[in-house]
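S.K.:
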Amino acid sequence: MHWITVLVVFFSLAAMWGATFNSASLFIAPMQETLGATRAQMVIGVTVKGIGGIVGSFFCAYILKRMQVVRVLRIGGILLVGSVFALSFVQNIPQYYLALAIQSIIISIGGYIPMSMIIQNWFEKKTSVVMGFAFMGSGFGGIIYNWLGGIWIPSLGWRQTYLIFAAITFVVLSVTFSILRPTPYHFNLRPLGAEQNNDKVKSEPVRQELLPGAEVEDELKSARFWMFMLAIFLVGMGSNALFDNVSPHLIDSGYSLTQAARISSALMVFLMLGKPAVGYLFDTFGIKSASIISTLLMAIGLISAIFISQNFFIITLVVGAGIGFASLSVAFPIYCYGLFGAKNYPGFSSLLQIAHSTGKIISPLVVGALYDQTGSYTLSFYIALMYHVAVLLIWVFVLPKHGREPY
20 MHWITVLVVF FSLAAMWGAT FNSASLFIAP MQETLGATRA QMVIGVTVKG IGGIVGSFFC
80 AYILKRMQVV RVLRIGGILL VGSVFALSFV QNIPQYYLAL AIQSIIISIG GYIPMSMIIQ
140 NWFEKKTSVV MGFAFMGSGF GGIIYNWLGG IWIPSLGWRQ TYLIFAAITF VVLSVTFSIL
200 RPTPYHFNLR PLGAEQNNDK VKSEPVRQEL LPGAEVEDEL KSARFWMFML AIFLVGMGSN
260 ALFDNVSPHL IDSGYSLTQA ARISSALMVF LMLGKPAVGY LFDTFGIKSA SIISTLLMAI
320 GLISAIFISQ NFFIITLVVG AGIGFASLSV AFPIYCYGLF GAKNYPGFSS LLQIAHSTGK
380 IISPLVVGAL YDQTGSYTLS FYIALMYHVA VLLIWVFVLP KHGREPY
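Heads up, the sequence shown is in the working numbering, so the first residue is 20 and it goes up one at a time.
1) Residues in the same chain with beta-carbon distance under 8 Å from Val385, minus the five sequence neighbours each way, listed in chain order, please.
2) Just grab the DSSP bridge partners of Gly232 for me.
3) Could you give the distance in angstroms between the alpha-carbon of Leu230 and the alpha-carbon of Gly357?
4) My guess is that Ala345 and Lys294 are in contact by the Cβ rule of under 8 Å, so how many angstroms apart are they, rounded?
5) Between Pro49, Gln60, Ile124, Asn140, which has its C-alpha nearest Pro113's C-alpha?
6) What is the DSSP secondary structure of Val220, reduced to helix, strand or coil?
7) Within 10 angstroms of its Cβ, does Gln139 collect 16 or more other Cβ (buried), or is it exposed?
8) Can the beta-carbon of Val100 be found closer than 7 Å to that of Ala185?
9) With a threshold of 8 Å, are at least 3 pairs of Cβ atoms found where one atom belongs to the region 161-175 and the other to the region 305-314?
10) Please work out which residues of its chain come closer than 6 Å, Cβ to Cβ, to Gly72, disregarding the five sequence neighbours upstream and downstream, and give them in chain order.
11) Could you check the C-alpha separation between Val410 and Val89 for me, to the nearest Å?
12) Based on the DSSP output, what are the partners of Phe416 in its beta bridges?
13) Would Gly12 be called buried (16 or more neighbouring beta carbons within 10 Å of its own) or exposed?
14) Is it right to say Trp166 is buried, meaning 16 or more other beta carbons lie within 10 angstroms of its own, or is it exposed?
15) Indicate whether Val337 and Leu286 have their beta-carbon atoms separated by less than 7 Å.
16) Leu208: which of Ile251, Trp22, Phe416, Lys362 sits nearest, CA to CA?
17) Starting from the C-beta of Lys221, find all residues in its chain whose C-beta is less than 7 Å away, skip the five residues before and the five after it, and write them out in chain order.
18) Since Asp263 and Pro383 should fall inside the 8 Å C-beta cutoff, what is the C-beta to C-beta distance between them, to a whole number of angstroms?
19) Look at the alpha carbon of Arg281 and the alpha carbon of Trp245, and state the distance between them as a whole number of angstroms.
20) With the cut-off set at 7 Å, would you say Tyr116 and Val109 are in Cβ contact?
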């Protein structure tokens with residue numbers, strides 16, 4: 020049941036992210052034509068999703084403290100399917116923004132945060148690696164849904180494709196969420212890796228208020244905590260500058276649309292496979308060293324994008340940025356559990372997501388302004404590289420050494 024739970028999380032994230040964020044770019048051009056919108060209006064959708072992510076993250080901790088985690092996932096799953104279904108009926112840009120905002124709020128509340136809580140409940144050892152395997156699902160979903168969308172949008176249209184996506188997502192989530200349980204105690208089991216003894220297996224886990232961990236109010240008074248939050252914000256700024264603009268930058272640099280698509284697909288593969296690799300880094304080398312390595316890989320990706328006209332840098336772009344992007348979903352739960360403990364995990368997770376989402380909102384505005392002035396993404400990548408240098412310095416001075424993590 021432990022590994023079945025990992026598979027359940029894997030396929031749940033595949034359906035949730037595949038139908039929404041990871042296939043959204045396929046729909047931009049056909050929706051723009053149908054709605055009579057400009058490309059600028061469509062791109063604002065990224066900012067709308069970022070705002071929705073902040074709103075969802077703000078309420079996430081409040082909801083998870085008052086509602087069982089699987090119930091949150093089930094209600095969120097139904098609403099998420101409804102948002103995908105609603106996108107097939109939008110007739111204008113305000114309706115498009117509204118659907119995206121609702122979708123991002125739902126996925127922020129019912130996405131990585133509750134899923135990571137379940138993985139932590141089921142596994143006591145090697146949880147970072149296990150979480151990496153489970154979180155590979157979002158990348159897998161992007162591959163499958165993009166492949167299906169590439170077939171169905173030209174032949175059936177984007178409205179019908181969204182309807183089919185909603186139906187597929189509903190079926191997958193109905194199956195996975197009917198199997199999913201928040202803890203192994205529901206099956207009279209212990210977390211995998213828990214010390215075995217002769218005592219009878221507990222019927223319930225330790226109550227949340229009895230778990231070890233820091234208080235949010237205390238950490239908010241710490242300068243070290245705010246430096247850490249600044250690093251998360253800058254990571255959001257820098258990663259968004261590259262992630263959202265890889266394909267157009269490749270085309271601007273002389274690559275064909277087909278070549279750009281293949282390079283982007285290869286990057287997505289490394290993003291998916293990089294998640295357990297990042298988890299292994301955190302389990303083996305600790306939070307500080309793994310964070311430094313992940314940030315250096317992202318910096319390598321940015322340097323490669325700057326010099327992408329040389330074919331050699333395609334390899335370093337795909338590997339560096341792919342694994343660097345993978346760290347964005349895996350690292351946050353590890354930070355919260357390792358630095359702040361399990362007691363107030365939803366609260367700290369929400370704060371990290373808010374800081375990261377704020378960076379993702381501001382980044383497109385900066386990149387867009389610089390592109391309008393220079394006609395290139397290169398300057399934006401240089402600035403993003405500076406963000407990551409600042410992040411590296413913060414990791415060196417703020418994060419604890421391996422073996423000295425507080426929790």
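All C-beta atoms, glycine included, are put in the ideal place defined by N, C-alpha and C.
M.R.: The structure says:
1) Met256, Ala260, Ser399, Ile402
2) Gly360
3) 13 Å
4) 5 Å
5) Gln60
6) Because Val220 carries a pLDDT of 46, less than 50, the predicted location of this residue cannot be relied on, and the following value inherits that uncertainty. Here Val220 sits in coil by DSSP.
7) buried
8) yes
9) no
10) Ser123, Ser127, Ser376
11) 35 Å
12) According to DSSP, Phe416 bridges with nothing at all.
13) Here the chain covers residues 20 to 426 and nothing more, so residue 12 does not appear.
14) exposed
15) yes
16) Trp22
17) Unreliable placement is indicated for Lys221, whose pLDDT of 46 sits below 50; no coordinate value is reported for it.
18) 7 Å
19) 40 Å
20) no
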